[in-house]
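First the structure, in the form of structure tokens, and then the observations on it.
Numbering (full-length UniProt numbering), first residue to last: 1 to 308.
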């Protein structure tokens with residue numbers, strides 16, 4: 001009976017997973033989005049959706065002066081009270097850095113646009129896709145980083161004010177404008193170098209020199225963790241994140257709900273002691289939950305943890 005139930009749920013979610021897989025390839029159409037009132041004509045909208053996330057993309061009428069939007073200027077700011085605490089998302093533990101200027105890495109950058117435009121970031125700021133900002137899993141919040149395209153040498157400075165991306169092969173999510181200035185919008189992603197900046201750091205981008213392997217902090221891959229046994233009679237849940245602050249848990253829940261479509265209705269925030277856990281379920285039994293977890297791991301690079 002449990003096997004039939006799992007098969008039915010997997011069958012109903014096949015189309016969802018296909019759409020999510022297409023999103024990962026950047027093959028999405030665009031729709032209307034809020035646009036900042038900047039005046040002038042509009043820049044040409046790429047034919048491809050670009051952004052990594054399902055149903056994301058640029059607005060239909062982006063401002064014409066994207067290249068003229070100034071980079072962020074590093075300045076001393078107090079660390080956010082909650083956004084720099086250790087946390088766990090999709091089975092991966094993250095420990096944010098407490099000081100800027102001690103991080104340099106190369107990896108894949110993607111961008112997020114209209115889907116998140118106007119929504120709150122981890123700092124409580126309202127996300128503006130036309131500002132020079134970025135999301136990073138571990139850089140201090142707020143802080144500043146120089147992002148340089150390895151394909152064309154273009155460089156921008158962004159303010160890090162959000163967490164993400166939570167995928168093993170990506171190291172930073174850029175605002176639409178930052179991605180535009182780096183030439184990443186059309187393809188949806190691209191290889192970059194990310195360097196954390198101090199307020200006193202020079203803003204002029206350095207020449208792209210070959211870095212020694214020991215100078216680079218590699219993007220951390222999601223760890224393979226065995227799924228523990230669960231009491232089937234009580235139902236099974238998949239845990240996707242755990243936070244010491246409820247606002248951070250709710251922010252992850254909202255973000256995942258947009259990515260998971262109909263399955264997002266199964267997302268909840270459950271309180272356990274001082275932790276706020278983002279979980280997906282309940283599932284009829286442990287085997288059904290494992291089947292769903294396997295699909296998420298295969299297609300979305302998620303590493304859910306099976307819990308009671």
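Ideal placement from N, C-alpha and C gives every residue a C-beta, glycine not left out.
Bridge partners of residue 250 according to DSSP: none are assigned. A contact between stretches requires three or more CB pairs, one per stretch, nearer than 8 Å, and the region 168-176 meets this requirement with the region 133-153.
Boundaries of the beta strand (DSSP E) around residue 133: 133-135. Residue pairing by DSSP places residue 194 opposite 105, 147 in a beta bridge.
For residue 176, the uninterrupted alpha helix (DSSP H) run begins and ends at 176-182, by DSSP.
When the five nearest sequence neighbours on each side are left out, the beta carbons in the same chain lying within less than 7 Å of the beta carbon of residue 282 are those of 235, 236, 237, in order along the chain. The DSSP-derived three-state label of residue 119 is coil.
When the five nearest sequence neighbours on each side are left out, the beta carbons in the same chain lying within less than 6 Å of the beta carbon of residue 166 are those of 89, 90, in order along the chain.
Taking the Cβ atoms as the reference, residue 240 lies roughly 6 Å from residue 304, within the contact range of under 8 Å. Residue 275 and residue 243 do touch by the CB rule: their CB atoms are close to 7 Å apart, below 8 Å.
Going by DSSP, residue 97 is part of no beta strand (DSSP E) at all; its letter is neither H nor E.
By the CB criterion at 8 Å, residue 123 and residue 192 fall outside the cutoff. Taking a C-beta distance under 8 Å as the contact criterion, residue 183 and residue 110 do not qualify as a contact pair. Residue 110 is bridged by DSSP to 173, 189. Of the residues 68, 104, 79, the one whose Cα lies closest to the Cα of residue 131 is 68.
Short of 6 Å from the beta carbon of residue 253, and not among the five residues preceding or following it, lie these beta carbons of its own chain, in chain order: 267, 269, 278. Within the same chain, Cβ atoms closer than 6 Å to the Cβ of residue 307 are found at 237, 239, the five residues on either side in sequence being excluded. Cα atoms of residue 102 and residue 286: separation of roughly 42 Å, rounded to the nearest angstrom.
By DSSP's assignment, residue 92 forms a beta bridge with 89.
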